[in-house]
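Respectively, the protein sequence lines represent chains E, D and V. The first sequence runs 1 to 310 under my numbering. The second sequence runs 1001 to 1271 under my numbering. The third sequence runs 2001 to 2350 under my numbering. Glycine is no exception: its CB is placed at the ideal position from the N, C-alpha and C atoms. Note that the structure is predicted; figures quoted are calculated from it, not measured. Below: one structure, written as structure tokens.
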Amino acid sequence: MRMAVTTPNETALAAGRGQSAPRWLLARHEGLRGLILLAPALVILGITVIVPFAMMGAMSFWTQVGFDYADDWSLRNYIEIASEPIYSTLLLRSLGMAMAATLLTVVLVYPMAYFLAFHVHRNKLLWLIIITLPFWTSYLLRVFAWRVVLGFEGVINTGLMEIGLIAEPLKFLLYSRTAVVITLAHAWAAFALLPIYVSLEKIDRSVLEASADLGEGPVMRFFRVILPLSMPGVIAGTFLMFIPTVGDYVTAALVGGPDARMIGNLIQLQFGTINNWPMGAALAITMILAITVVGLMFLGLMLALKRWAR
Amino acid sequence: MIRRHHFHRPNRGLQVYAVFFMALLYAPIMFIPLFSFSDGLYIRFPIEGWTLRWYDELLQRTAVLRALENSVRVAGSVAVVSTVLGVFAAKALVRYRVPGKGPILGFILLPLVVPPIIFGVALLLMVSWLQIPLSLYTIAAGHIIICLPFAIATLLPRFEGYDAAMEEAAADLGENGWWVFWRVTVPIILPGIVASLLLTFTVSFDEFVMAFFLGGTDLTLPLYVWGQLRIPRAFPVVLALGTLILLFSFVLVFLGLKIGRRGAIKLVDRD
Amino acid sequence: MNSAATMISIRNVTKRFGVFAAVQDACFDIRAGEFFSLLGASGSGKTTLLRILAGFEAATEGEVHIDGAPMDAVPPHQRPVNMVFQNYAIFPHLNVRDNIGFGLRKLKLDKAERARRIDEMLELIKLPGFGDRASDQLSGGQRQRVALARALILRPKVLLLDEPLGALDKQLREQMQTELRALQRSVGITFVLVTHDQEEAMALSDRIAVMADGRVLQIDTPAGLYERPKTRRVASFVGSMNFLPGDLAVRACGQAAWQHGKADFIAIRPERITLHTDHPADQAGAGQPLPGRLTDRVYLGERVQYQVQLDGCAQHLAVSTPNTAPVVADPGTPVWLTWPAEAMIPLQDD
Chain E
1 MRMAVTTPNE TALAAGRGQS APRWLLARHE GLRGLILLAP ALVILGITVI VPFAMMGAMS
61 FWTQVGFDYA DDWSLRNYIE IASEPIYSTL LLRSLGMAMA ATLLTVVLVY PMAYFLAFHV
121 HRNKLLWLII ITLPFWTSYL LRVFAWRVVL GFEGVINTGL MEIGLIAEPL KFLLYSRTAV
181 VITLAHAWAA FALLPIYVSL EKIDRSVLEA SADLGEGPVM RFFRVILPLS MPGVIAGTFL
241 MFIPTVGDYV TAALVGGPDA RMIGNLIQLQ FGTINNWPMG AALAITMILA ITVVGLMFLG
301 LMLALKRWAR
Chain D
1001 MIRRHHFHRP NRGLQVYAVF FMALLYAPIM FIPLFSFSDG LYIRFPIEGW TLRWYDELLQ
1061 RTAVLRALEN SVRVAGSVAV VSTVLGVFAA KALVRYRVPG KGPILGFILL PLVVPPIIFG
1121 VALLLMVSWL QIPLSLYTIA AGHIIICLPF AIATLLPRFE GYDAAMEEAA ADLGENGWWV
1181 FWRVTVPIIL PGIVASLLLT FTVSFDEFVM AFFLGGTDLT LPLYVWGQLR IPRAFPVVLA
1241 LGTLILLFSF VLVFLGLKIG RRGAIKLVDR D
Chain V
2001 MNSAATMISI RNVTKRFGVF AAVQDACFDI RAGEFFSLLG ASGSGKTTLL RILAGFEAAT
2061 EGEVHIDGAP MDAVPPHQRP VNMVFQNYAI FPHLNVRDNI GFGLRKLKLD KAERARRIDE
2121 MLELIKLPGF GDRASDQLSG GQRQRVALAR ALILRPKVLL LDEPLGALDK QLREQMQTEL
2181 RALQRSVGIT FVLVTHDQEE AMALSDRIAV MADGRVLQID TPAGLYERPK TRRVASFVGS
2241 MNFLPGDLAV RACGQAAWQH GKADFIAIRP ERITLHTDHP ADQAGAGQPL PGRLTDRVYL
2301 GERVQYQVQL DGCAQHLAVS TPNTAPVVAD PGTPVWLTWP AEAMIPLQDD
């Protein structure tokens, strides 16, 4: 019979370390200490983000049967999405409307960011706070505000009729794609503005002096120095605004009509009145994939542009 | 000090544009308080008379007060939880050589970008799969996902804004980790903590999409507003409620941003 | 001071960050009551070694004993050492008084005793009446003093100073050097200073360890390092130095006076070389003066620095003479160089 042999010395050492070994490990391994501090946040995000995503992925391969699911692991939902034109129409429309809103916002926001970065010297912080303030507050109310403005009996129509410019309310204002695009642009402007502002603010002022010294006037200075240097901000702003707006459904529900419905509205319906959760899951995943593809295409386009500009 | 620089000469066109931009930004929102004082049942010009009766009616609705209480409870606990988690996570990300720091930060900040409907339906799926009833708790869980990035984004600069030697100095002077945290770390990042509490409270208080998917029979204020939006006759009361919500949110966020940034600038100036 | 006991014992300490070795096999003792400096360029490992002493970094190999006790498992807050940080790490949320008294919490002193100790320290650092100042109302020099007081109030066995004068301007730095030295003598605590400034190390220290690339090259008194550097790196790091091939140097001072045998290099301090504008008469036993040509002259105020190119080779020598010597001619003038045999330091390749 064999027994584990330990010398007295080793035993004493093990006993001494027994209590201090974890502390010793912690003291020596900074990364470990960091991970322990991060653990609560990561565990909670794991439970509330990763697990649900995995479940959503799984469910997208199921089928709704009456009030129950059949976990038959089929591609039926995805095949339906690919074959029924309603889905691709809604998806493409969502992407298109988000793009329009993003483009509109970036164009409108760039001069403002430029003004803030180069022409505001006093109370810059106050300016920044006032510009970002609305975006922290109720999204629902900001969208509702546009309904007040654009409505059939809204601010614009009754205002214009009051001063006699129009006799009849303009019907295209509310419940149209234009209304949704305008509202989205207004609601998400800060997401596009902040990164552009940061990239402009970071530009070393001596670079501008150098380009002036080398003979470039204000216009060429903008196109040859400022714009290229602020492109990372423009790209970041584009992404920050485009991605969430594709999935928006509150705006379309409140100010959009039947032909302004977006993919988000359909997803919401699958989990609501239509009550086809597997289809809703498949649609959500399709939407993520579509956003990823468009995002990569946009990045590719930007890289190609950069190469071409050289 | 005003920098009078060749490139900083006032540009009249840009100034006009800035005014136009700010007007466009705030005008639509301002119609909510404007019409909340209008005597008419419909939102339309000309405004026939001024009244406070919608506010009066609002305060008599017990459902509003209940929704308010629910919202405060959810937002309060979400603010505390996400700020505490944010303090730990931000400290770890700034102070320690954590493996995979970039991807971890990216993962935490992801909810800033991903459409909230995705998180909403995914969480709804899990919750119903596990047969957890929808309640204020499920709403709060959803809000933590959304608020954590804001807490961390507010707190990260605070940790980056002061020298790690402060904590080492405290340890060197004989304090263990617990006391270093309370005697040095917390006082220095306090403005960040306050800012994070204010901002995450407001974000949760005003959040709609997550609450829409994850809410049960107990309504939060945004859910209550959403319900009322289907009834055109209820618009004036919604306007009054919206005015109060906006005012409250604006004050909290303004304070949060001001406190959060001012302290940071002071710390940077010192070096 | 030589009789003093060992305060810090550093035994074969190596610190690796990944594959990079910041400190390699450091092995030396620091005596009680000594003012000891770790001198080296940035990246030489001096700060890492100091942080190992403080407990902020753990040695990968080897061990440190302070006052006879092994420090391996002792966390920073339990070590009998205190530190003055590079940027002083004055707590921004506390005033001067609370900064200085920060470490007293654990001693559980009553209010009067606490106040008395803090006042005593304010007196020591010559800032009486500054106790209620906010930390952001202090000048660089005052911050440095507060950092010193904060560390010394705990009466540590060792005070560690990480480039404590680096953030100050030149004039204040010189004043603080004097004060620091006087302070160390009066409190009698072992000081370990990290610096990249060789003049500072020379002015302050009893002994200096010169470090480069994680290794300790030489440990000696300031005079020993200056006059008897063991390697070319030490010689060039401490003060300025001329390096000559051995045979050339021996020729200038005469074979007879040279007793060191063969050396790869001979090092000569610029101030030990005599510059002649006329060919000096041969003296008995002396070698031949080396002829050369003046290529540059830099007027430094108290000294004048010359560059001389030796005839027949590309070798340049720096010569430094006190400003009291008659100012010699302009660049281009022929000159002769001589030096005494004892000025030559034989060095091996390193």
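Same chain, Cβ closer than 6 Å to residue i, five either side skipped, listed in chain order
{"i": "E/Gly164", "result": "none"}
{"i": "D/Leu1219", "result": "Ala1067"}
{"i": "V/Lys2029", "result": "Note that residue 2029 of chain V is Asp in the sequence shown here, rather than Lys. Around V/Asp2029: Thr2006, Ser2009."}
{"i": "E/Val293", "result": "none"}
Where residue i falls: helix, strand or coil (DSSP)
{"i": "V/Met2071", "result": "coil"}
{"i": "V/Met2121", "result": "helix"}
{"i": "E/Ser74", "result": "coil"}
{"i": "D/Ile1108", "result": "helix"}
{"i": "E/Trp62", "result": "coil"}
{"i": "E/Thr245", "result": "helix"}
{"i": "E/Tyr69", "result": "strand"}
{"i": "V/Val2335", "result": "strand"}
{"i": "E/Ser94", "result": "helix"}
{"i": "E/Tyr139", "result": "helix"}
{"i": "V/Ala2284", "result": "Note that V/Ala2284 scores 49 on pLDDT, short of 50, meaning its location in the model is unreliable and no value can be drawn from it."}
{"i": "V/Leu2159", "result": "strand"}
{"i": "E/Tyr114", "result": "helix"}
{"i": "D/Asp1039", "result": "coil"}
Residue-chain proximity (residue i, chain D), Cβ-Cβ < 7 Å
{"i": "V/Phe2243", "result": "no"}
{"i": "V/Pro2229", "result": "no"}
{"i": "E/Leu165", "result": "no"}
{"i": "E/Tyr78", "result": "no"}
{"i": "E/Phe115", "result": "yes"}
{"i": "V/Phe2102", "result": "yes"}
{"i": "E/Trp146", "result": "yes"}
{"i": "E/Ala319", "result": "Since the first and last residues shown for chain E are 1 and 310, residue 319 of chain E lies out of range."}
{"i": "E/Ile243", "result": "yes"}
{"i": "E/Pro111", "result": "yes"}
{"i": "V/Phe2191", "result": "no"}
{"i": "V/Phe2056", "result": "yes"}
{"i": "V/Pro2334", "result": "no"}
{"i": "E/Val198", "result": "no"}
Chain-ordered neighbours of residue i on chain E, where CB pairs are closer than 7 Å
{"i": "D/Asn1011", "result": "His119"}
{"i": "D/Met1166", "result": "Those within 7 Å of D/Met1166 in chain E number zero; the least Cβ separation is about 17 Å."}
Interface partners of residue i on chain E, CB under 8 Å
{"i": "D/Pro1191", "result": "Those within 8 Å of D/Pro1191 in chain E number zero; the least Cβ separation is about 13 Å."}
{"i": "D/Ser1249", "result": "Trp136, Thr137, Ser138"}
Residue i at chain V interface by Cβ criterion, 7 Å
{"i": "D/Tyr1096", "result": "no"}
C-beta neighbour in chain E for residue i, strict 7 Å
{"i": "D/Gly1242", "result": "yes"}
{"i": "D/Tyr1017", "result": "yes"}
{"i": "D/Arg1003", "result": "No answer about D/Arg1003 holds up, because its pLDDT of 47 lies below 50 and its placement is not dependable."}
Interface residues of chain E facing residue i [CB-CB closer than 9 Å]
{"i": "D/Leu1068", "result": "Within 9 Å Cβ-Cβ: nothing; D/Leu1068 doesn't reach chain E, min ~14 Å."}
{"i": "D/Arg1261", "result": "Leu125, Leu128, Ile129"}
Neighbourhood of residue i by C-beta, 7 Å cutoff - its chain only, sequence neighbours within 5 removed
{"i": "V/Asn2099", "result": "Ile2090, Phe2091, Ser2135, Val2146, Arg2150"}
{"i": "D/Thr1243", "result": "Ile1032, Pro1033, Ser1036"}
{"i": "D/Val1058", "result": "Sequence check: residue 1058 of chain D is Leu here, not Val. The answer, listed in chain order, is Val1064, Val1237, Ala1240, Leu1241."}
Chain-order list of residues whose beta-carbon lies under 8 Å from that of residue i (same chain, five-residue window excluded)
{"i": "V/Arg2011", "result": "Cys2027, Gly2062, Glu2063, Val2064, His2065"}
{"i": "V/Arg2181", "result": "Phe2035, Ala2203, Leu2204"}
{"i": "V/Leu2168", "result": "Gly2140, Gly2141, Gln2144, Met2176"}
Proximal residues of chain D, C-beta to C-beta of residue i below 7 Å
{"i": "V/Asn2082", "result": "Asp1172, Leu1173"}
{"i": "E/Leu240", "result": "Val1113"}
{"i": "E/Trp62", "result": "Result: empty, since nearest Cβ-Cβ is about 11 Å, beyond 7 Å."}
Under 9 Å by beta carbon: chain D residues contacting residue i
{"i": "E/Gly31", "result": "Tyr1096, Arg1097, Val1098, Pro1099"}
{"i": "E/Arg224", "result": "Chain D residues near E/Arg224: none, gap ~14 Å exceeds 9 Å."}
Proximal chain V residues relative to residue i, where beta-carbon distance stays under 7 Å
{"i": "D/Val1184", "result": "Phe2091"}
Partners in chain D for residue i, counting only beta-carbon separations shorter than 8 Å
{"i": "V/Leu2154", "result": "Leu1173, Gly1174"}
Cβ-Cβ separation, residue j to residue i (assumed contact under 8 Å), whole Å
{"i": "D/Gly1086", "j": "D/Ala1140", "result": "The Cβ separation is near 16 Å, so there is no contact."}
{"i": "E/Val255", "j": "E/Leu125", "result": "At roughly 33 Å, the Cβ-Cβ gap does not stay under 8 Å, so E/Val255 and E/Leu125 are not in contact."}
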